[in-house]
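Worksheet: the structure to be examined is printed underneath.
There are 2 protein chains.
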Amino acid sequence: MAIASSISATAGSWTTSLELLETPVPLVDLDRLDRNLDRVSSYAGNHQLSVRPHIKTHKSPRIATEQLRRGAIGLTCATPLEAEVMADVCADILLAYPPVGKAKLDRLMSLPERVTLTVSLDSQESAEQLARAARERGRSVGVYVELDLGLHRVGVSPADEMLQLARFVSDSPLLVYRGIAFYPGHIRSATTSEPELQRLNADLGAALRLLDTAGLGPGVVSGGSTPTLWQSHNIGGLTEIRPGTYVFNDRTTTQAGACQWDDCALTVLATVVSTAVPGQAVVDAGSKALGREPSAIEGDGFGALLNRPEVTVTRLSEEHGVLDLGRTAWRPQVGERIRIVPNHGCIVVHLHEEIYGVRGERIETSWPVAARGRQPRSAALSRA
Amino acid sequence: MAIASSISATAGSWTTSLELLETPVPLVDLDRLDRNLDRVSSYAGNHQLSVRPHIKTHKSPRIATEQLRRGAIGLTCATPLEAEVMADVCADILLAYPPVGKAKLDRLMSLPERVTLTVSLDSQESAEQLARAARERGRSVGVYVELDLGLHRVGVSPADEMLQLARFVSDSPLLVYRGIAFYPGHIRSATTSEPELQRLNADLGAALRLLDTAGLGPGVVSGGSTPTLWQSHNIGGLTEIRPGTYVFNDRTTTQAGACQWDDCALTVLATVVSTAVPGQAVVDAGSKALGREPSAIEGDGFGALLNRPEVTVTRLSEEHGVLDLGRTAWRPQVGERIRIVPNHGCIVVHLHEEIYGVRGERIETSWPVAARGRQPRSAALSRA
Numbered sequence: 009m010a011i012a013s014s015i016s017a018t019a020g021s022w023t024t025s026l027e028l029l030e031t032p033v034p035l036v037d038l039d040r041l042d043r044n045l046d047r048v049s050s051y052a053g054n055h056q057l058s059v060r061p062h063i064k065t066h067k068s069p070r071i072a073t074e075q076l077r078r079g080a081i082g083l084t085c086a087t088p089l090e091a092e093v094m095a096d097v098c099a100d101i102l103l104a105y106p107p108v109g110k111a112k113l114d115r116l117m118s119l120p121e122r123v124t125l126t127v128s129l130d131s132q133e134s135a136e137q138l139a140r141a142a143r144e145r146g147r148s149v150g151v152y153v154e155l156d157l158g159l160h161r162v163g164v165s166p167a168d169e170m171l172q173l174a175r176f177v178s179d180s181p182l183l184v185y186r187g188i189a190f191y192p193g194h195i196r197s198a199t200t201s202e203p204e205l206q207r208l209n210a211d212l213g214a215a216l217r218l219l220d221t222a223g224l225g226p227g228v229v230s231g232g233s234t235p236t237l238w239q240s241h242n243i244g245g246l247t248e249i250r251p252g253t254y255v256f257n258d259r260t261t262t263q264a265g266a267c268q269w270d271d272c273a274l275t276v277l278a279t280v281v282s283t284a285v286p287g288q289a290v291v292d293a294g295s296k297a298l299g300r301e302p303s304a305i306e307g308d309g310f311g312a313l314l315n316r317p318e319v320t321v322t323r324l325s326e327e328h329g330v331l332d333l334g335r336t337a338w339r340p341q342v343g344e345r346i347r348i349v350p351n352h353g354c355i356v357v358h359l360h361e362e363i364y365g366v367r368g369e370r371i372e373t374s375w376p377v378a379a380r381g382r383q384p385r386s387a388a389l390s391r392a
Numbered sequence: 009m010a011i012a013s014s015i016s017a018t019a020g021s022w023t024t025s026l027e028l029l030e031t032p033v034p035l036v037d038l039d040r041l042d043r044n045l046d047r048v049s050s051y052a053g054n055h056q057l058s059v060r061p062h063i064k065t066h067k068s069p070r071i072a073t074e075q076l077r078r079g080a081i082g083l084t085c086a087t088p089l090e091a092e093v094m095a096d097v098c099a100d101i102l103l104a105y106p107p108v109g110k111a112k113l114d115r116l117m118s119l120p121e122r123v124t125l126t127v128s129l130d131s132q133e134s135a136e137q138l139a140r141a142a143r144e145r146g147r148s149v150g151v152y153v154e155l156d157l158g159l160h161r162v163g164v165s166p167a168d169e170m171l172q173l174a175r176f177v178s179d180s181p182l183l184v185y186r187g188i189a190f191y192p193g194h195i196r197s198a199t200t201s202e203p204e205l206q207r208l209n210a211d212l213g214a215a216l217r218l219l220d221t222a223g224l225g226p227g228v229v230s231g232g233s234t235p236t237l238w239q240s241h242n243i244g245g246l247t248e249i250r251p252g253t254y255v256f257n258d259r260t261t262t263q264a265g266a267c268q269w270d271d272c273a274l275t276v277l278a279t280v281v282s283t284a285v286p287g288q289a290v291v292d293a294g295s296k297a298l299g300r301e302p303s304a305i306e307g308d309g310f311g312a313l314l315n316r317p318e319v320t321v322t323r324l325s326e327e328h329g330v331l332d333l334g335r336t337a338w339r340p341q342v343g344e345r346i347r348i349v350p351n352h353g354c355i356v357v358h359l360h361e362e363i364y365g366v367r368g369e370r371i372e373t374s375w376p377v378a379a380r381g382r383q384p385r386s387a388a389l390s391r392a
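Chain order of the listed sequences is A and B.
The first sequence maps to residues 9 to 392 in this note's numbering.
The second sequence maps to residues 9 to 392 in this note's numbering.
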């Protein structure tokens, strides 16, 4: 793939050997990344689904470029900085987050004019703020009306509220009603999800009929998550998917049955720093490197070793991860290196400023997590 | 206090009004910060304890300077970058972390010569690596032998192992045996901890007698955590404390009884972005801004509102925090601003690049989280 050769200017001293890299540090297996990108591209092609990947997972224009090269029709972002950074490589951006408040709206309206911008939102207040900002700048903005189809996080209920909001958007001069969006984050399993999928299909079908009857039939029906990714063609009416985690996958994705262990591309390289307390080894990847993200299986730790999945990270302090050696005969030495598959890759990326791309034991490239942070693009550029 | 006036160059557009600041963003109440700093300074002075604060909580040379101005004898760091950044303002640094591996040792040995460096470690391997690095550079390095007094994370058991390691350090030409260190992180309560404190005292006393008998009586006995902070004078033999969280405090500190709610200086300012789902409100501070740190009380959320502590953040996604409105009559509107006291402040700081210092509703200053990250100082400087 094209992610190669250029070496980050922020990496103080460069090495191509994994052995010399300072830990803790996130690694991406480039072969697995390639495969993960290709697989979604083929699946979507086979089922005539548009792909608008959520870049929150990687926050990198380089990986976004690979997604676009494989047919993604645009990108999904959650923060103004993500949109600003991605505007360099993509002219069709969805902010899947209501831009509430003057500061966020100002930044959004300042995106380059060539960017076709769409926003998903779930309230009249948010739509009014957006309409006002659009009017002030004379800029047209697309809108997806966000529905709650079971996650109960955000989203209007697919009934009267939905119709009112779609109508308001449709009637606002500079807002363009582009469709509806939902996020089935409550479905955590890709294999045993049939009853939940049936309920989702029924609710979505009812919503679509309501909208059609009201003359508000949506151009786009945007949904999908990584756990439900391979079920997307079984969701009636869906036209667009927004998977994020699939680029790297993680322990949670394997637990959901949406990928195999060998599809996990992201690991945290760590060093054993203490074996003083019997029955455990302590590594230098703690909650500040790995994230305190729960396992899908209660009490099953915060990550597991790539080459010894039976060894889990059972306790975390800020800079310490405790490996439970209860299920292995392996007894690591102080100084030994290990690679941890995190429970949740998106958090790992957010916790680091640079990612290293590897093939086997060789470092091939590195890239900054360019859209990490909150501050405006100018500040992000000076960091990247 | 001296943290004032200078305004960060990385903040794109400056405002002194909290109302216009983009969310989510961490705020520090400067009056409370002052009070927290003063309180520890007085306590330590009254009890003839040296203070060597752990800067992992704030990662800022500005706050470190305030700690030193109030009598701290040096600083405690966990990572090479923290030590590099703090070397600008302090010439006596403890790395309370075994620097295992060539990359970390190289950086440590490259700290300015004027810095008196001490390292705490718990293994022969780590001590040998350090001795070798010290020999190669001709640099003398102090060592604390790290003991396990109940946390069972790192640390040698306070028996033969301890003596062997102290002897090895003492006999190594460029290593200076400065004392022992421990971290009583297993004691989570400052008020009901008497039996645990008695056990700690007994174990520490036995360790000190063993060392004395062997002619290895430690010059420094370094311990302490924020929860046990105000019990430090009841730990026999203790000469130095290394509190971190006390500068800001957090919900966990209040739950441990080590501070009052009004001592919590750090909050995350967030905006209500959705009230579409009944019984809850959604704010724009999710796990990427607030951290998924558990409450001391099982199931009690990830933070609570500063002015409505009965309202907790019960669910987190990456960019969404769900407020449970079940225990309040308050019904926020989309756009309303709230301040969240996090469960664990150190993680919040690590998740952000800039902190805003406020008095009341007025922003007085801001500072970068200068020692955040992993990469060498040169890269950190370009980010700060």
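For glycine and all other residues, C-beta sits at the position ideal for the given N, C-alpha and C.
Since we're looking at a predicted model, the values are computed, not measured.
Taking Cβ-Cβ distances shorter than 9 angstroms, what residues in chain D pair up with tyrosine 105(A)? The structure shown has no chain D; the protein chains it does contain are A and B.
Here's a check: name, in chain order, each residue in its chain whose Cβ is nearer than 6 angstroms to the Cβ of alanine 392(B), leaving out the five neighbours to either side. Confidence in alanine 392(B) is poor, its pLDDT being 43 and thus under 50, which makes the residue's placement unreliable; the coordinate value appears in the next sentence. Closer than 6 angstroms at Cβ, skipping near neighbours: Pro376, Ala378.
What does glycine 343(A) touch in chain B if you count any residue whose Cβ is under 9 angstroms from its own? Within chain B, the residues near glycine 343(A) are Val108, Gly109, Glu133, Ser134, Gln137.
Who are the neighbours of threonine 87(A) on chain B, taking C-beta pairs under 8 angstroms? Near threonine 87(A) (Cβ distances below 8 angstroms), the residues of chain B are Glu327.
To the nearest angstrom, how far is the alpha carbon of glycine 213(B) from that of aspartate 292(B)? In a straight line, the C-alpha of glycine 213(B) is about 50 angstroms away from that of aspartate 292(B).
For a minimum of 3 consecutive residues, which ranges assigned as the beta strand (DSSP E) are wholly contained in the region 120-204 of chain B? Restricted to the region 120-204 of chain B, the beta strand (DSSP E) segments that are unbroken, complete and at least 3 residues in length are 124-129, 149-154, 183-189, listed in chain order.
Give the straight-line distance between the Cα atoms of alanine 388(A) and glutamate 361(A), rounded to the nearest whole angstrom. Confidence at alanine 388(A) is low in this model, with a pLDDT of 48, below 50, so the placement of that residue is unreliable and no value is reported for it.
Taking the alpha carbon of threonine 224(B) as the point to measure from, which residue in Val153(B), Asp258(B), Ala304(B) has its own alpha carbon closest? Checking the sequence shown, residue 224(B) turns out to be leucine, not threonine. For leucine 224(B), the nearest C-alpha among the options comes from Val153(B).
Got a sec: is the Cβ-Cβ distance from lysine 67(B) to anything in chain A below 8 angstroms? Lysine 67(B) is outside the set of residues whose beta carbon lies under 8 angstroms from a beta carbon in chain A.
Evaluate the contact criterion for the region 346-358 of chain A versus the region 270-283 of chain A: three or more CB pairs, one atom per stretch, below 8 angstroms. Yes: at least three Cβ pairs fall under 8 angstroms.
Which residues does DSSP list as the beta-bridge partners of glutamate 362(A)? Under the DSSP definition of a beta bridge, glutamate 362(A) partners with Pro376(A).
Using a beta-carbon distance below 8 angstroms, is isoleucine 15(B) in contact with chain A? For isoleucine 15(B), the pLDDT reaches just 41, beneath the cut-off of 50, and the residue's location in the model is therefore unreliable, leaving the point undetermined.
Could you work out which residues of chain A lie near glutamate 30(B), taking near to mean beta carbons separated by less than 8 angstroms? Scanning chain A for C-beta atoms nearer than 8 angstroms to the C-beta of glutamate 30(B) yields Pro88, Gly109, Ala111, Lys112, Arg115, Arg382, reported in chain order.
Would a check of beta-carbon distances place serine 118(A) closer than 8 angstroms to chain B? The beta carbon of serine 118(A) does not come within 8 angstroms of any beta carbon belonging to chain B, so the residue lies off that interface.
Residues of the region 201-227 of chain A with a CB closer than 7 angstroms to any CB of chain B: list them in chain order, please. In summary, no residue of the region 201-227 of chain A has a CB separated from any CB of chain B by less than 7 angstroms.
If I follow the unbroken beta strand (DSSP E) through arginine 345(A), where does it start and stop? From DSSP, the beta strand (DSSP E) with arginine 345(A) extends over 345-350.
Work out the CA separation of glycine 227(B) and proline 107(B) for me, nearest whole Å. So the two alpha carbons sit approximately 22 angstroms from each other.
Under the three-state DSSP convention, the category arginine 370(B) falls into: Collapsing the DSSP output to three states places arginine 370(B) in a strand.
Looking only at DSSP bridge pairs, what is isoleucine 62(A) linked to? The sequence given here has histidine at residue 62(A), not isoleucine. The partner list for histidine 62(A) (beta bridge, DSSP) reads Thr84(A).
The region 248-272 of chain B: positions lying closer than 8 angstroms to chain A by Cβ: The region 248-272 of chain B vs chain A, Cβ under 8 angstroms: nothing.
Taking only three categories from DSSP, how would you classify alanine 104(B)? Reduced to three states, the DSSP call for alanine 104(B) is coil.
In the DSSP assignment, the beta strand (DSSP E) including alanine 312(A) goes from what residue to what residue? Element bounds for alanine 312(A): 311-313.
Which word fits arginine 217(A), buried or exposed, when buried means at least 16 other C-beta atoms lie within 10 angstroms of its C-beta? With fewer than 16 Cβ atoms within 10 Å of its Cβ, arginine 217(A) is classed as exposed.
So, with DSSP's three-state summary, where would you put arginine 385(B)? Residue state, collapsed to three classes: helix.
For alanine 278(A), write down the residues that DSSP places opposite it in a beta bridge. As computed with DSSP, alanine 278(A) is found in a beta bridge with Ile346(A).
Reduced DSSP secondary structure (H/G/I, E/B, other) of arginine 339(B): Coil.
Applying the criterion that 16 or more other CB atoms from any shown protein chain within 10 Å of the CB defines a buried residue, is aspartate 397(B) buried or exposed? Nothing can be reported for residue 397(B): it is not among the residues displayed for chain B, which extend from 9 to 392.
In whole angstroms, what is the alpha-carbon distance linking valine 33(A) and isoleucine 363(A)? When the Cα atoms are used, valine 33(A) and isoleucine 363(A) turn out to be separated by approximately 7 angstroms.
Quick one: what's serine 25(B) bridged to in DSSP? Its beta-bridge partners are Arg370(B).
Cβ of histidine 358(B) less than 8 angstroms from any chain A Cβ? For histidine 358(B), the nearest beta carbon of chain A is closer than 8 angstroms to its own beta carbon.
Can you tell me whether alanine 337(A) is buried or exposed, with buried defined as 16 or more other CB within 10 angstroms of its CB? By the neighbour-count definition (other C-beta atoms within 10 Å, threshold 16), alanine 337(A) is an exposed residue.
Report yes if the C-beta distance between valine 149(B) and leucine 182(B) is below 8 angstroms; otherwise report no. At the C-beta level, valine 149(B) and leucine 182(B) come within 8 angstroms of one another.
To be precise: take each residue of the region 152-164 of chain B, compare its Cβ to all Cβ atoms of chain A, and keep it if any distance is under 7 angstroms. Which residues remain? Using a CB distance below 7 angstroms, the part of the region 152-164 of chain B facing chain A consists of Asp156, His160, Arg161, Val162, Gly163, Val164, ordered along the chain.
Could you tell me the distance, in whole angstroms, from the CA atom of glutamate 96(A) to the CA atom of glutamate 133(B)? First, the residue type needs correcting, since residue 96(A) is aspartate and not glutamate in the sequence shown. Cα to Cα, aspartate 96(A) sits roughly 48 angstroms from glutamate 133(B).
Buried or exposed for tryptophan 269(A), please, with buried defined as at least 16 other CB atoms from any protein chain shown within 10 angstroms of its CB. Under this definition tryptophan 269(A) is an exposed residue.
Three-state secondary structure (DSSP) of glutamate 318(B): Three-state DSSP puts glutamate 318(B) in a strand.
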